[in-house]
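First up is the structure itself, then whatever we jot down about it.
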Ligand code: ME8
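In this note's numbering, the protein residues as written are 1058 to 1570.
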């Protein structure tokens, strides 16, 4: 059986989740649910990054200990993912004892191998990014991403990252789908053309106490990124007694797909692979960097800019499955995209209300009116229904390919294309008129549109689990597994349809404001 292991970044607990962070988690959830639909065994890891200066400062501001602060804040993330119907396998916290122990073991192993050494560091430090910069890397006195930096000089411990520079370049070139999308791979290779520094992996406790203690230097804690990146491995059993089989299964045999925002691509595609090389651990399968969800002014939605939308508020306003749909449909994974109510309204109305919803309500109303609510029988295919049948049988393969290529927006476009064809068919055949002359012929049209709804309903489950479950229940509650999609027709004639309120009502924000 094929397997799929996907991760999201672990989020800093310095604030609540917003639509930008929710975007990454929702996308991982949707990809994971697709792979599950394909019949694969899946694992989805998410969690929180709880150490480091940012968290320590946020706790101090609130007059709490860092652990109290984390214990309170983590609930915001867990609740947000529950509210958004995110079905993860594990929620990892970097303050968990098992994670801390393995991070310490990895540090010790690297120190014993001579991969970590002591030196004096002088340079610039960005608290908000938890990253050191050299004088040369600064842009107008700030970090390359425009964050404040402060000058520091101190004794620290360094990981010999530079030693792996050429090995990493060779690996990226030999594995062209390691870093995705392709333009990001080229960016990383561009970055690696310049000399790579060693990585400072310690922080003196005098400056920062909230972290994992370095086992061979008790006055230091480890750098938060060294700790955080390891979650992807500790989460599936690295270095833990009794979890060896899990580790082999999910890491060695499957290898993870890391989904993350473009702003943290360097840590994931340079720090992390070189750490793994030094630890003799195989590298992830893919590192995929997505773009940003922008606000109305096309600026990044971010906590520090104060321009955030709460995912729960957005879901309450728009409808949860509508939100999941537009974030998948309107963002080409890898690119930036704005989030604005007028865009949401037009997408939901044109594709969900007027297309999918319209096909469902028309088909069910006509079946109710002319066939006493029982699914009519197929007759001989006409040329359009033969074309629809062919497209529906090909659709699962098309969707699978798009999802495997990280193109979920295109997968949805293909599904909508078949629904559009079915709506046109309904319009052309006008079964409401046809029923009066030839009831069986009208029945055939409805049998076809109901089967299209079944195929689309199953293929849209990963994006809109709640709505699609209801849709499928209404049209005869067919099986929803991957194999069922190669059957046509599947729902038997005479199956009873269930009536209900419109499942995909139109949105109308303009009249409400
Ligand atoms: O970086 N649109 O955590 P974090 C899309 N703890 N994505 C956005 C976004 C937006 N407007 N704003 C933020 C960290 N993100 C580390 C990760 S992993 C080992 C450690 C994304 O809470 C951002 O791109 O600051 C990043 O992928 C994620 O939110 C986590 O942000």
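All residues carry an ideal CB built from backbone N, CA and C; glycine is no exception.
Check: N- and C-terminal bounds of the alpha helix (DSSP H) containing residue 1380; Outcome: 1377–1386
Check: Length of the line joining the Cα atoms of residue 1443 and residue 1508; Outcome: 12 Å
Check: C-beta contact flag for residue 1334 and residue 1214 at 8 Å; Outcome: no
Check: Segment limits, alpha helix (DSSP H) that includes residue 1420; Outcome: 1415–1428
Check: Residue 1350 beta carbon near ligand 1 (any heavy atom closer than 7 Å); Outcome: yes
Check: Beta carbon of residue 1346 nearer than 8 Å to that of residue 1319; Outcome: yes
Check: CB of residue 1322 within 8 Å of CB of residue 1241, strictly; Outcome: yes
Check: Nearest-angstrom Cα separation, counted from residue 1165 out to residue 1273; Outcome: 7 Å
Check: Cβ contact check for the region 1115–1126 and the region 1075–1086: 3 or more pairs under 8 Å; Outcome: no
Check: Beta-bridge pairing of residue 1153 - partner residues as DSSP gives them; Outcome: DSSP lists no partner for residue 1153.
Check: Simplified DSSP state of residue 1182, which is helix, strand or coil; Outcome: strand
Check: Bridge-paired residues (DSSP) for residue 1261; Outcome: 1277
Check: Residue 1396 - DSSP class collapsed to helix/strand/coil; Outcome: coil
Check: heavy atom of ligand 1 below 7 Å from residue 1067 C-beta; Outcome: yes
Check: Residue 1429: CB within 7 Å of a non-hydrogen atom of ligand 1; Outcome: no
Check: Proximity test, residue 1133 beta-carbon vs ligand 3 heavy atom, cut-off 7 Å; Outcome: Within the structure as shown, ligand 3 is missing, the only ligands being ligand 1.
Check: Cutoff 6 Å; reference residue 1343; Cβ partners in own chain excluding five residues on either side; Outcome: 1237, 1314
Check: Option in 1416, 1386, 1086 with minimal Cα separation from residue 1142; Outcome: 1086
Check: heavy atom of ligand 1 below 7 Å from residue 1397 C-beta; Outcome: no
Check: Three-state class that DSSP yields for residue 1136 in the structure shown; Outcome: helix
Check: Pairwise C-alpha distance: residue 1370 and residue 1568; Outcome: 19 Å
Check: Unbroken stretches of the beta strand (DSSP E), 3 residues or longer, contained in the region 1066–1122; Outcome: 1098–1106
Check: Residue 1062 vs residue 1304 beta-carbon contact at 8 Å; Outcome: no
Check: Endpoints, beta strand (DSSP E) assigned at residue 1211; Outcome: 1207–1216
Check: Touching by the beta-carbon criterion (3+ pairs, under 8 Å), the region 1260–1268 and the region 1221–1236; Outcome: no
Check: Residue 1456 - DSSP class collapsed to helix/strand/coil; Outcome: helix
Check: Residue 1212 versus 1482, 1229, 1271, 1179, residue with shortest Cα-Cα distance; Outcome: 1179
Check: Residue 1290 classed as buried or exposed, judged by whether at least 16 other C-beta atoms fall within 10 angstroms; Outcome: buried
Check: Inter-residue Cα distance where the pair is residue 1432 and residue 1550; Outcome: 5 Å
Check: Residue interval of the alpha helix (DSSP H) (run including residue 1228); Outcome: 1222–1231
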